[in-house]
Ligand code: DX5
Ligand code: ZN
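In the working numbering, the protein residues as written are 277 to 497.
Laid out in structure tokens, this is it:
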């Protein structure tokens, strides 16, 4: 069985109590904290930056997975590395120089990821696979929590799984958008090993019950 990881997205957390929210979700079994950064330019929403990453860092004993939905990407990468990010991923169409941005993330001491929107082709991976630690397949169009899972993402996950296996590299395959107890197994069967879930966890009163139910779905595979 692959090592499965549950990555709650704090986009759906109560920002007025963010420290408590991240502590609670980690106590409930979160493997990773997913940190959505939106700039009101690349996506039509505005969220949180390096200051908030730095503020939650002392409360988080698991990796912080920064998902940059910003354009341009390079200027802000070192700031997130200094703020305590462990993984930084970006959308290739938001960078003029994808290889340079990946290298910048690695030189900053973080793991590097590329993110693919539902309509973004996978060919961006072709010449940079050796600089990638994580591939994130979006199963919604980025910008908002609480959207419905786009089923075509399953085909894309399967295609990426084949590419990762062929590369022989240890690359995390993450899925983000509309993940719930009901569809996490389908995403895992397609080849995902890391599951972002925002509204499915933070929208519910008992975080542990949701995370345990998700793990239950994965355990049967
Ligand atoms: C969307 C974000 C997601 C979002 C997922 O642009 O990248 O991480 O928080 O939220 P849910 O799980 O509610 O679809
Ligand atoms: Zn995200």
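The C-beta atom is built at its ideal place from N, Cα and C for all residues, glycine as well.
With a threshold of 8 Å, establish whether the CB of residue i neighbours any heavy atom of the ligand DX5.
| i | result |
| --- | --- |
| residue 366 | no |
| residue 455 | yes |
| residue 421 | yes |
| residue 345 | yes |
| residue 418 | yes |
| residue 474 | yes |
| residue 219 | The requested residue 219 is not part of the displayed model; the chain covers only 277 to 497. |
| residue 336 | no |
| residue 277 | no |
| residue 298 | no |
| residue 448 | no |
| residue 288 | yes |
Would residue i and residue j be called neighbours here (beta carbons separated by less than 9 Å)?
| i | j | result |
| --- | --- | --- |
| residue 335 | residue 305 | no |
| residue 311 | residue 286 | yes |
| residue 388 | residue 413 | no |
| residue 338 | residue 302 | yes |
| residue 409 | residue 375 | no |
| residue 494 | residue 461 | yes |
| residue 284 | residue 478 | yes |
| residue 289 | residue 326 | no |
Throw me the rounded Cβ distance for the residue i and residue j pair, which I believe falls under 8 Å.
| i | j | result |
| --- | --- | --- |
| residue 417 | residue 397 | Going by Cβ atoms, the distance from residue 417 to residue 397 rounds to 15 Å, so no, they are not a contact pair. |
| residue 453 | residue 415 | 4 Å |
| residue 439 | residue 464 | Not quite, the Cβ-Cβ distance comes to about 17 Å (not below 8 Å), so this is no contact. |
| residue 281 | residue 469 | 7 Å |
| residue 486 | residue 457 | 7 Å |
| residue 346 | residue 329 | Incorrect: roughly 13 Å between the Cβ atoms, too far for contact. |
The region 365-383 in contact with the region 401-409 per 3-pair CB rule at 8 Å: yes
Any residue whose CB is nearer than 6 Å to a heavy atom belonging to the ligand ZN, listed in chain order: 285, 310, 312, 343, 452, 472
Three CB pairs or more closer than 8 Å across the region 425-432 and the region 471-478: no
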